[in-house]
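Visitor: Numbering (the numbering used here), first residue to last: 6 to 395. Every residue gets a Cβ at the ideal spot worked out from N, C-alpha and C, and that includes glycine. Everything numeric in this text was worked out from a predicted model, so none of it was measured. Dropping the structure in here first, questions after.
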Ligand SMILES: Cc1cc2nc3c(=O)[nH]c(=O)nc-3n(C[C@H](O)[C@H](O)[C@H](O)COP(=O)(O)O)c2cc1C
């Protein structure tokens, strides 16, 4: 993947350097185009060092070829990151008065804007109109995040985390279908149950698949809410996420948010059992017996009010996995079940099988959890599309 990063004059311009590093780590080739204003915030030397490529700042230099055409031809994707209110306005008005704006005018492959600015600027109706005009013309946007802005005020306008920007670039490059504003409730991570005041009964799930699902929903134009237990991965900011610990807390949160969603993806590893009693102190006995009782089946509890929602469950079995997964799907009224093996727990890659009520099981080769998350979302959209075309 060849990525041309256009940097405009925002205080967040330094984030473009971090983005270049991440893209290259991901195997992408990177080049930079800087506006004159951007030169106040980052130097061509840093851009050249981190991209290991020539950096372009001026369209009227005496080199072979027409720069704004040739760098556009080179790139697979043009990412304006950060995008100022000014460059958004110029692109929406067809102005080409420097190398970046002229490249944008002539560029015909996918373009992504990552705006970063003060909240007052982002809320300005003219900036909003310019952004939505560009979106209507097929330009992709990643909404700025909420947080502390350069002015010290808290508001929407921050450059999102570079991890999310990378995923946005990937989802555009991979031509992932949009989610049309649908509402996805995603559970992730692992629950834990107290044995005593310090020890817990839990499992090795990392929460990575759930986190990738949230990011993919965000990048593909869906609405996401998360309910997460303990995790050993970073959860994306800017997504309404309820944190829980036990299976009972997960159920309470599910009951609270289920009515909101169009689709529930139950990626959390919820403990099937909890200790019958919890010791109030710390157990010091030489030997002790742990009596366990079954937790409630969370999916069964909520799917009684399923109505038209799409519900995706997961099944991790060691033996007779297919038969058990089919039983689960029927008993819990699921639309899709993702069957995976113990190898997937805590790993960054996973193979899986997808089962739907009326079709054969489909095997998915081992892939990153980002890819698997996107595949699951594609399957959900197929269920929605199948319903509307009926
Ligand atoms: C310190 C400083 C920080 C700025 N940060 C931003 C910003 O984050 N977003 C923005 O839209 N404009 C910001 N501006 C204003 C732009 O730099 C200005 O509109 C400039 O003309 C943009 O030019 P360009 O779009 O060609 O890079 C900032 C200006 C200054 C002096």
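Where does residue 178 fall in DSSP's three states?
Guide: helix
Visitor: Let's see if you can read the secondary structure: which residues bound the alpha helix (DSSP H) around residue 64?
Guide: Looking at the DSSP string, residue 64 is not in any alpha helix (DSSP H), and its letter there is neither H nor E.
Visitor: Taking 6 angstroms as the limit between beta carbons, can you name the residues of its chain near residue 224, skipping five residues before and five after?
Guide: 172, 173 and 176
Visitor: Since residue 381 and residue 307 are thought to touch, with beta carbons under 8 angstroms apart, how far apart are those beta carbons, to the nearest angstrom?
Guide: In fact, because the Cβ distance is near 18 angstroms, the residues do not count as touching under 8 angstroms.
Visitor: Please indicate yes or no: does the CB of residue 244 lie closer than 7 angstroms to some heavy atom of ligand 1?
Guide: no
Visitor: Taking the straight line between their C-alpha atoms, what separation do you get for residue 148 and residue 119?
Guide: Residue 148 and residue 119: Cα-Cα distance of roughly 7 angstroms.
Visitor: Can you have a look at residue 165 and say buried or exposed, based on whether 16 or more other CB atoms are within 10 angstroms of its CB?
Guide: buried
Visitor: Is the closest heavy atom of ligand 1 to the C-beta of residue 43 under 7 angstroms?
Guide: yes
Visitor: Put residue 294 into one of helix, strand or coil per three-state DSSP.
Guide: coil
Visitor: Excluding the 5 residues preceding and the 5 following residue 279 in the sequence, name in chain order all residues of the same chain whose CB lies nearer than 6 angstroms to its CB.
Guide: 198 and 300
Visitor: Report the option in 103, 77 and 160 whose CA atom is closest to the CA atom of residue 66.
Guide: 103
Visitor: Closer than 6 angstroms by C-beta to residue 341: which residues in its own chain qualify, once you throw out the five before and the five after it? Chain order, please.
Guide: 317, 361 and 384
Visitor: Give me the Cβ distance between residue 115 and residue 82, rounded to the nearest whole Å; I'm assuming they're in contact under 8 angstroms.
Guide: Right, the Cβ-Cβ distance comes to about 5 angstroms (below 8 angstroms), so this counts as a contact.
Visitor: Could you tell me whether any Cβ in chain B is nearer than 8 angstroms to the Cβ of residue 265?
Guide: Checking the listed chains, one finds no chain B in this structure; it contains a single protein chain.
Visitor: Report the rounded CA-to-CA distance for residue 142 versus residue 99, giving the unit in angstroms.
Guide: 12 angstroms
Visitor: Can the beta-carbon of residue 28 be found closer than 8 angstroms to that of residue 60?
Guide: Not a contact, by the Cβ cut-off of 8 angstroms.
Visitor: Between residue 210 and residue 351, how many whole angstroms is the CB-CB distance? I'm expecting something under 8 angstroms.
Guide: 7 angstroms
Visitor: Under a three-way DSSP split, which group does residue 263 fall into?
Guide: helix
Visitor: Can you tell me whether residue 13 is buried or exposed, with buried defined as 16 or more other CB within 10 angstroms of its CB?
Guide: Burial call: buried.
Visitor: Out of 17, 212, 265 and 35, state which residue places its alpha-carbon closest to the alpha-carbon of residue 77.
Guide: 35
Visitor: Could you check which residue in 358, 364, 379 and 363 has the C-alpha nearest to that of residue 370?
Guide: 358
Visitor: Would you check if there are 3 or more beta carbon pairs closer than 8 angstroms linking the region 264 to 271 to the region 309 to 316?
Guide: yes
Visitor: For residue 273, tell me which candidate among 286, 285 and 258 has the shortest Cα-Cα distance.
Guide: Relative to residue 273, the option among 286, 285 and 258 whose CA is nearest is 258.
Visitor: Excluding the 5 residues flanking residue 336 on each side, which residues of the same chain have their C-beta closer than 8 angstroms to its C-beta?
Guide: 305
Visitor: If contact is defined by three or more beta carbon pairs under 8 angstroms, each pair taking one atom from either stretch, is the region 151 to 161 in contact with the region 246 to 258?
Guide: no
Visitor: Assuming the contact rule is C-beta atoms closer than 8 angstroms, residue 208 and residue 187 should be a hit. Round their C-beta distance to whole Å, please.
Guide: With a Cβ gap of about 30 angstroms, residue 208 and residue 187 do not count as contacting.
Visitor: Taking only runs that begin and end inside the region 215 to 264, name each unbroken beta strand (DSSP E) of 3 or more residues, in chain order.
Guide: 228 to 233 and 245 to 248
Visitor: How many Å lie between residue 57 and residue 389 at the Cα?
Guide: 44 angstroms
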